[in-house]
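Asker: The structure is given below, and queries will be raised subsequently.
Numbering (the working numbering), first residue to last: 11 to 350.
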């Protein structure tokens, strides 16, 4: 199950009481990758009501979620992020930061309504080191909470992805300029987390060429090649790519990476299931990550095996509070009972 932001956390970034039910319902996915979860208070702020994993209260709630998923037969990784220049201070309460003072030309849904994202302040090298440590600490909390591992979020226009970009990252120090330097921040996070909890508990998500978050990359390959070259000896659990398999970057990076590959297609339409299955049969990918399919179908695997009709996702409830569109999508068995 692919990571899905659902904006239902408590105001202090603690996952809601419904989260354990939501994730346990989808345990048949095999591996669940949680919604993106902040590694510190400043790491939040792109959206309201997104979770964190930097306090004891957060950890206790994630422990309840891990227990519920395991009891239902599933495995779960927590996806860790820092939103970088995608944050708005009216949401986070902090100054917005990024690799360089280049704003994302987007608006944020703040408590006061839609507002443009501000120009971020460029992080210092010392601050970068502190954020690496925050990823490491959050990963330790995840494993101590009983999670099977963590996924490092270096995709979709958030902080680590911003550093990878040859457009958004205009630094002239050791974290900018060359492909190797632009990949350095993500690599240091992966290395630190792997050292803390073991590489077999670490996944990494990337999205070369993805324009989410007003992300721009002229060179969609070189920094990723440098990143994979540096982290390959670690032997992490998997590389998770959000990319169309027809993109040139996918072929280039897949050829380089000898480890497990999880593929999530950006469009994620029903026809993609057949393509993903074929790629898995050919050995091109190790697994497919599916988001909206699992959002609307807790028993998606059973439905695909049986060729059963799928529930349609209700877009209006994707980010709305409460149980509607969150824990009330029926399984096949429940739908049959309702129609009986």
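We treat Cβ as the ideally placed atom computed from N, Cα and C, and that holds for glycine. Predicted model, so just to flag it, every value in this text is computed and none were measured.
Could you tell me how far apart the beta carbons of residue 233 and residue 189 are, in whole angstroms, since I believe they sit closer than 8 Å?
Answerer: 4 Å
Asker: Under 8 Å: do the region 241–260 and the region 207–222 share three or more Cβ pairs, one atom per stretch?
Answerer: yes
Asker: Less than 8 Å between CB atoms is the rule here; does residue 87 satisfy it with respect to chain B?
Answerer: No chain B is part of this structure, which consists of one protein chain only.
Asker: Comparing C-alpha positions only, which one of 300, 283 and 294 sits nearest to residue 317?
Answerer: Nearest Cα to residue 317 within the set 300, 283 and 294: 283.
Asker: By alpha-carbon positions, which one of 144, 175 and 224 ends up nearest to residue 200?
Answerer: If we check each option's Cα against that of residue 200, 144 comes out closest.
Asker: Measure the Cβ-Cβ separation of residue 16 and residue 329 and say whether it is below 8 Å.
Answerer: Less than 8 Å separates the beta-carbon of residue 16 from that of residue 329.
Asker: Can at least three beta-carbon pairs, one atom from the region 109–125 and one from the region 22–34, be found at a separation below 8 Å?
Answerer: no
Asker: Considering only their Cβ atoms, is the gap separating residue 235 from residue 263 smaller than 8 Å?
Answerer: Pairing residue 263 with residue 235 gives a Cβ-Cβ distance under 8 Å.
Asker: I'd like to check one pair, residue 155 with residue 73: are the Cβ atoms closer than 8 Å?
Answerer: With respect to residue 155, residue 73 sits close: the two C-beta atoms are nearer than 8 Å.
Asker: If you follow the beta strand (DSSP E) that residue 57 is part of, which residue opens it and which one closes it?
Answerer: Careful: residue 57 lies outside any beta strand (DSSP E) and carries neither H nor E.
Asker: Helix, strand or coil: how does DSSP classify residue 362 here?
Answerer: Residue 362 falls outside the range modelled here, since the chain spans only 11 to 350, and no answer is possible.
Asker: What are the boundary residues of the alpha helix (DSSP H) that includes residue 347?
Answerer: Secondary structure note for residue 347: its alpha helix (DSSP H) is the uninterrupted segment 342–349.
Asker: Out of 209, 307, 293 and 336, state which residue places its alpha-carbon closest to the alpha-carbon of residue 146.
Answerer: 209
Asker: Of the residues 331, 50 and 64, which one's Cα is nearest the Cα of residue 93?
Answerer: 50
Asker: Beta-carbon separation of residue 133 and residue 224 under 8 Å?
Answerer: no
Asker: Looking at the structure shown, is residue 26 part of a helix, part of a strand, or coil, going by DSSP?
Answerer: coil
Asker: Under the DSSP definition of a beta bridge, which residues are partnered with residue 42?
Answerer: BP columns for residue 42 point to 86.
Asker: My output table needs one value for residue 119: the three-state DSSP class, helix, strand or coil.
Answerer: Reduced to three states, the DSSP call for residue 119 is strand.
Asker: I'd like the span of the alpha helix (DSSP H) that includes residue 251, first residue to last.
Answerer: Where residue 251 is concerned, there is no enclosing alpha helix (DSSP H), although the beta strand (DSSP E) around it starts and stops at 248–252.
Asker: Alpha helix (DSSP H) containing residue 303: first to last residue?
Answerer: That run of the alpha helix (DSSP H) goes 302–306.
Asker: Skipping 5 residues on each side, what residues in its chain have a beta carbon closer than 8 Å to that of residue 54?
Answerer: Same-chain partners within the cutoff: 23, 48, 60, 62, 93, 97, 101 and 102.
Asker: Keeping to the same chain, check which residues put their C-beta closer than 7 Å to that of residue 345; ignore five residues upstream and five downstream.
Answerer: none
Asker: For a test of the three-state rule: what should DSSP assign to residue 215, helix, strand or coil?
Answerer: Strand.
Asker: Quick one: what does DSSP say residue 107 is sitting in, helix, strand or coil?
Answerer: strand
Asker: Buried or exposed, going by whether 16 or more other CB atoms sit within 10 Å of the CB of residue 298?
Answerer: Around the Cβ of residue 298, a 10 Å sphere holds 16 or more other Cβ atoms; the residue is buried.
Asker: Under a Cβ-count criterion, where at least 16 other Cβ atoms within 10 Å of its own Cβ denotes burial, should residue 106 be classed as buried or exposed?
Answerer: So residue 106 ends up on the buried side.
Asker: Secondary structure at residue 131, three-state DSSP: helix, strand or coil?
Answerer: strand
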